[in-house]
Every structure is written in structure tokens, then in C-alpha cells.
Amino acid sequence: MGFNPKRIKEIISIEYYMDQEKVIDIIETLKRTYPDSKVSLDFRNPYELLVATILSAQTTDKAVNKVTPELFQKYPNIESLAKASPEDVAEIIRTLGFYRSKAKNLVKMAQRVVEKYNGQIPRTMEDLTSLAGVGRKTANVVLGNAFGIPDSGITVDTHVKRITKRLGWTTNDKPEKIEQDLMKIIPVKYWVQFTPLIIDHGRAICKARKPLCEKCPIEKDCPSSTLRQI
Ligand code: SF4
């Protein structure tokens, strides 16, 4: 049976927004299903995660993981990156989309961290988003996964956008609005884990074009299940 967005809209009801027990149940089931779920960018410290996350815009984590070993060998810390020429950085990351502007942003970001923050990667949303190439999404990834600061928000990527809509947890399209909706119903302690779990679920089961609802561990709680559509 086809996936019918119109039908989904009809099925989604207010109780799905309000029932936090159901939300927790779903997240716990996903945790059991994907026990090794974590951010798929390779990093060893906050500096490396910040750089890798900036590079990951409009490209896959896999592609980023291919270029970062050479990048971090040549520029092992924020100080060395601050002194780099954007052309040299661009040469190393040239396989990634928008590599020239990403290289410029990386060097600018590093210079500001050295000058304004004494070489320490900032730990607040406001300071992080003041850096070149860093939006809310990047800042959330860094705060949650490098510093374990969960109350900074929830990272909304394409999988989170699609699946939370299917689950009826949001009707919004803009990532900032979706994030606000999710922050209201997902307990803070799950904020960091939530995005990697949903990404794993989106890749394995709840695919964009044809979700594999018959194999889905949260099917019974999903208002968009194709198994129940008529
Ligand atoms: S039942 Fe599972 S796979 Fe199907 S739409 Fe819902 S979350 Fe996605």
C-alpha cells in the first residue's frame, strides 16, 4: 500500500503531541533497537568535532570522515588551524561540497576562537553560533556530543524532520520550529541521544520514499504506519 501524506495528516491527532509517556516509550524502544547509536562523525575532542560538523553541511558524514584524518594531522589544534591559509585547507577538503567557503569558514572560526575565547571551543549556543560556519544545528551537535550539554536543544536534520512528522510530533517544516516542538515533548535527558537514534532509524527502516513499516519496532505507536492506512 502506498505512503499517503494526506491520510497521515488526518490520522495525526493532538493526543500524539501530548502523551509524553508514549514519546518516552518510543525513544526507549529505539535505544534497544540501535544500542550503538552515536554521532557518525569521527572525532577525538571538541575541536575535531566542531571542524567535522562544519564540514558536514550538505555532505555525508562518511565523506567528511575521509578527509579529516589528513586535516587533523596537518592542523592538530585550533591554533594551527587559525594560522592556516584557506587555500591549503581547501586543497585537503576539495572532495566535499562547498569546499572553498568551508575552508574560509574553518580558518575564520579558528581565528575567532583563538582571539576571543583563548583557544577554548565555546560552550554556549550564543558563543558557538557567533563563529563562522556555525548555525544552531552545528552548535547543538558540538554542545551535546563534545561537552555532554543536553539542554542546548535538539539537532534537526532531514531524518528528524521526516520521522517526527510521521510520528505526529510536529507539523512544522522549519528546523527551528520543529526543534521547539520536540523540546516540549522530549525529556531533556534524551536530547543528545535523540538525533543519532532517529538517523539510524531513518537509514534502516523509516526511509524517505518507502518506509519499511512492517519491520518497524515502533509501528504500533506510529500514526503514519502504512500497515494501518486504508
Ligand atoms: S511505522 Fe515506523 S517505518 Fe512506518 S512511518 Fe511509522 S516510524 Fe516510519
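Numbering (the working numbering), first residue to last: -7 to 222.
Glycine included, every Cβ here is placed at the ideal spot set by N, Cα and C.
Classified as buried, Glu171 has 16 or more neighbouring CB atoms from the shown chains inside 10 Å of its CB. Between the beta-carbon of Ile46 and that of Tyr182 there is about 25 angstroms, and that puts the pair past the 8 angstroms contact cut. At the C-beta level, Ala131 and Val99 stay beyond 8 angstroms of one another.
At a Cβ-Cβ threshold of 8 angstroms, Ile146 and Gly194 do not count as neighbours. For Leu73, the closest alpha carbon among the candidates Lys54, Ala55, Leu42 is that of Leu42. If the five residues before and after Leu123 are omitted, its C-beta is found closer than 6 angstroms to the C-beta atoms of Met101, Arg104, all from its own chain and listed in chain order. Taking a cut-off of 8 angstroms for Cβ pairs, the stretch 159 to 167 and the stretch 46 to 64 do not touch, as fewer than three such pairs fall below it. In the three-state reduction of the DSSP assignment, Asp149 falls in the coil class, being assigned neither a helical nor a strand state.
In this structure Ser144 does not touch Met175 by the C-beta definition: roughly 10 angstroms separates them, more than the 8 angstroms allowed.
Residue environment for Gly136: buried (at least 16 other C-beta atoms within 10 angstroms of its C-beta). In terms of side-chain proximity, the C-beta atom of Arg36 is found no nearer than 7 angstroms to any non-hydrogen atom of the ligand SF4. Rounded to the nearest angstrom, the gap between the Cα atoms of Thr52 and Lys58 is 10 angstroms. By the C-beta density criterion, Thr150 is exposed, having fewer than 16 other C-beta atoms within 10 angstroms. Relative to the ligand SF4, the beta carbon of Thr156 is positioned no closer than 7 angstroms to any heavy atom. Per DSSP, Tyr67 lies in no alpha helix (DSSP H) segment and is marked neither H nor E. Here Val126 carries a coil assignment [DSSP, helix/strand/coil]. Look at Arg86 here: in three-state DSSP terms it is coil, with no helix or strand label.
Leaving aside the five residues that flank Lys30 on each side, the residues in its chain whose CB is nearer than 6 angstroms to its CB run, in chain order, Pro188.
Distance from Leu120 to Val134 at the Cβ level is roughly 6 angstroms; contact confirmed, criterion being Cβ atoms closer than 8 angstroms. Under the three-state reduction of DSSP output, Lys199 falls in the coil class, being neither helix nor strand. A residue is called buried once 16 or more other Cβ atoms fall within 10 Å of its Cβ, and Asn110, having fewer, is exposed.
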